[in-house]
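Accompanying notes for the structure given below.
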Amino acid sequence: MKKKYFYLELKDKPKENDFVALFKIEPSEKITIEEAANAIAAESSIGTWTEISTMTEKFREKFKARVTKIEGNFVEVAYPSVLFEKGNISQIYSSVAGNIFGMKDIQNLRLESLRVPEEFVLSFDGPGYGIEGIRDKLKIYNRPIVGTIVKPKIGLSPESQSQVMYEAMIGGVDVVKDDENLTSQDFCPFEKRLKKCLEKRKKAEDKTGEGKGYIPNITAPLYEMLKRAELVEKMGGRFAMVDIITAGWSALQALRKHSFNFVLHGHRAMHAAFTRNKFHGISMEVIARTSRLLGIDQLHIGTAVGKMEGERDQVQRCADALRLEEEGEGFLRQKWLSIKRAMPIASGGLHPGHIPALYEIFGKECIFQFGGGIHGHPDGSISGAKAVRDSLNAVMENISLIKASKESRELKVALDKWGIS
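Numbering (my numbering) for the sequence shown: 1 to 421.
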């Protein structure tokens, strides 16, 4: 009996108000790409494993997803917007990235991209501050923002945490963040750490004459995260960080709904469980787009250099998804409308010798964030921070790092240790 591919419409095109997903599919043995694509469209919309009496042809035509293109292992699936609830990211993910990853017809499956139609884009809040708002907070307008993570990343007391932060700031760092696994452990309670660090932030601003930002990690169960957010706002904090994957999309969306008076910094801890396998999971580009829709102002996306996995073109697509007002191609083009632009963060194994490559990749609309590349400087954190700023200044003035290091002992020591990458 000839198989019925109810969901294959390869001569059709997505409609303007469709959700459009791009999948990479590796079918199971003896399953064709057409069969696998048909099964994915069915399972992620209205289909089930057998024919049912409650499915009429009229119903199927109104609600089904349609496979509109197959090119090699890449499959485009268009979903009618009637399938989705506006402003409900959990429901959207449960549909287009739900049961399909566990289907027997599929050996591997990766969601590479997802276009959200305009009426749904406008149902989300987007960043509260975005690139322009971040720059206004710090009064930094014409260069990349320099950030660091306190090191050791966990185990310091509030007093020690704030002192390391202070030294980095007076050395030239603009923003200093907690690590993703530091929340409110007994050795460093959140409220005490916040108070100490905000005091030292003010002291660093007074000393340097520059705007500075401390980024506390408020990640916790939602009820506790909201309490910490309220405390940050009450005490005059300008930034707060949330681990977007481990906290969850719904928690992030609820946090943004409160419109706190601080920049939301997104850490992507655990993302590689979804994004690293090039054949299975969800791409970082999709994570970045979703984060921007839900309200993240700045987000870690990788570096293309340094210690973290991530090829340059993939990292660039993530940066585009955060910074552009319209990005993508063809039916996968995403129009961002009134959604503000978010700031990408390059972070992971960076040192002063990476700055020329970082600037060439990202330009000025980015946060360059260093951990060991500042605190691992042989002369300490102040010298490490100065080496980073001297390197960035050289790049902005189109001066080679070798030449700049002749005028900066801190940069020379850093380059002698780590080189230029």
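A virtual CB, placed ideally from N, CA and C, is assigned to each residue, including glycine. Note that the structure is a prediction, hence the values are computed from the model and not measured.
From Leu-252, Asn-277 and Gln-314, pick the residue whose C-alpha is nearest to that of Gly-266; which is it?
Leu-252
Would you check if there are 3 or more beta carbon pairs closer than 8 angstroms linking the segment 325-336 to the segment 7-27? Cβ pair count under 8 angstroms is three or more, so yes.
inquiry  = So the candidates are His-258, Ile-282 and Leu-401; which of them puts its Cα closest to the Cα of Ile-245?
reply    = Ile-282
Can you find the residues in the same chain that come closer than 8 angstroms, C-beta to C-beta, to Lys-2, ignoring five residues on each side of it along the sequence? Since pLDDT at Lys-2 reaches only 44, below the 50 mark, its modelled position is unreliable, and the value read off the structure follows with that caveat. The beta carbon of Lys-2 is closer than 8 angstroms to none in its chain, skipping five residues each way along the sequence.
What separation, rounded to the nearest whole angstrom, lies between the Cα atoms of Ala-204 and Asp-174?
10 angstroms
- prompt: Do the CB positions of Phe-23 and Leu-111 come within less than 7 angstroms of each other?
  reply: yes
Subject >> Run of the alpha helix (DSSP H) containing Lys-278, from where it starts to where it stops >> reply: Premise fails: Lys-278 is in no alpha helix (DSSP H) and is neither H nor E.
- Measuring CA to CA, which of Gly-373, Glu-285, Asp-379 and Ile-382 is closest to Pro-344? Glu-285
Short Cβ contact (7 angstroms threshold) for Lys-340 with Gly-126 = yes
### N- and C-terminal bounds of the beta strand (DSSP E) containing Ser-157
From DSSP, Ser-157 is part of no beta strand (DSSP E); its letter is neither H nor E.
For this session: Decide if Phe-368 is buried, meaning its Cβ has at least 16 other Cβ atoms within 10 Å, or exposed.
Result: By the 10 Å Cβ count, Phe-368 comes out buried.
In the segment 297-359, which residue ranges form an unbroken beta strand (DSSP E) of at least 3 residues, counting only runs that do not cross its ends?
Secondary structure within the segment 297-359: the beta strand (DSSP E) runs of 3 or more consecutive residues, fully enclosed, are 298-300 and 343-347 (chain order).
Review point. According to DSSP, which residues form a beta bridge with Ile-106?
Key: Pro-27
Check: Do you know whose CA, among Gly-237, Lys-13 and Tyr-223, lies nearest Tyr-214's CA?
Finding: Gly-237
Item to complete: Helix, strand or coil for Val-20, going by three-state DSSP, please let me know.
Response: strand
Rounded C-beta distance between Asn-38 and Leu-10? I'm assuming under 8 angstroms. The pair is not a contact, with the Cβ atoms about 11 angstroms apart (cut-off 8 angstroms).
Check whether the segment 129-143 and the segment 48-55 touch, using three or more Cβ-Cβ pairs below 8 angstroms as the test. no
Review point. For Glu-407, which of Lys-417, Arg-389 and Ser-421 has the nearest alpha-carbon?
Key: Arg-389
Just how far apart, CA to CA, sit Leu-231 and Ser-184? Leu-231 and Ser-184 have their alpha carbons spaced roughly 13 angstroms apart.
Contacts around Trp-418, its chain only, beta-carbon distance under 8 angstroms, and the 5 residues preceding and following it disregarded
His-351, Pro-352, Gly-353 and Gly-373
> What are the start and end residues of the beta strand (DSSP E) that includes His-265?
Replying inline: 263-267
Are the Cβ atoms of Met-165 and Lys-200 separated by less than 7 angstroms? Yes.
Q. In whole angstroms, what is the alpha-carbon distance linking Lys-196 and Arg-228?
A. 15 angstroms
Let me confirm a value: Leu-454 is counted as buried when at least 16 other C-beta atoms fall within 10 Å, else exposed. Which label applies?
Any answer about residue 454 is impossible in this case: the structure gives the chain only from 1 up to 421.
| message | Could you compute how far the alpha carbon of Lys-30 sits from the alpha carbon of Ala-269? | response | 37 angstroms
message: Helix, strand or coil, according to DSSP, for Phe-6 in the structure here?
response: coil
In the DSSP assignment, what residue or residues form a beta bridge with Met-396? None; Met-396 has no bridge partner.
### Task
Would you mind reading off the limits of the beta strand (DSSP E) that contains Asp-243?
Unbroken beta strand (DSSP E) run through Asp-243: 239-243.
Classify Thr-148 as helix, strand or coil using the three-state DSSP reduction. Thr-148 falls in the strand class under three-state DSSP.
Practice problem: Take the Cβ of Thr-290 as the centre, count every other Cβ of all protein chains shown within 10 Å, and call the residue buried at 16 or more, exposed below. | Solution: buried
- request: Please say whether Ala-65 and Ser-94 have beta carbons closer to each other than 7 angstroms?
  value: no
| query | Can you tell which of Glu-118, Cys-188, Phe-120 and Leu-122 has the C-alpha that lies nearest to the C-alpha of Val-150? | reply | Cys-188
query = So, is Asp-105 buried or exposed, given that buried needs 16 or more other C-beta atoms within 10 angstroms?
reply = buried
Pairwise C-alpha distance: Ile-70 and Asn-99: 21 angstroms
Is DSSP giving Glu-71 helix, strand or coil here?
strand
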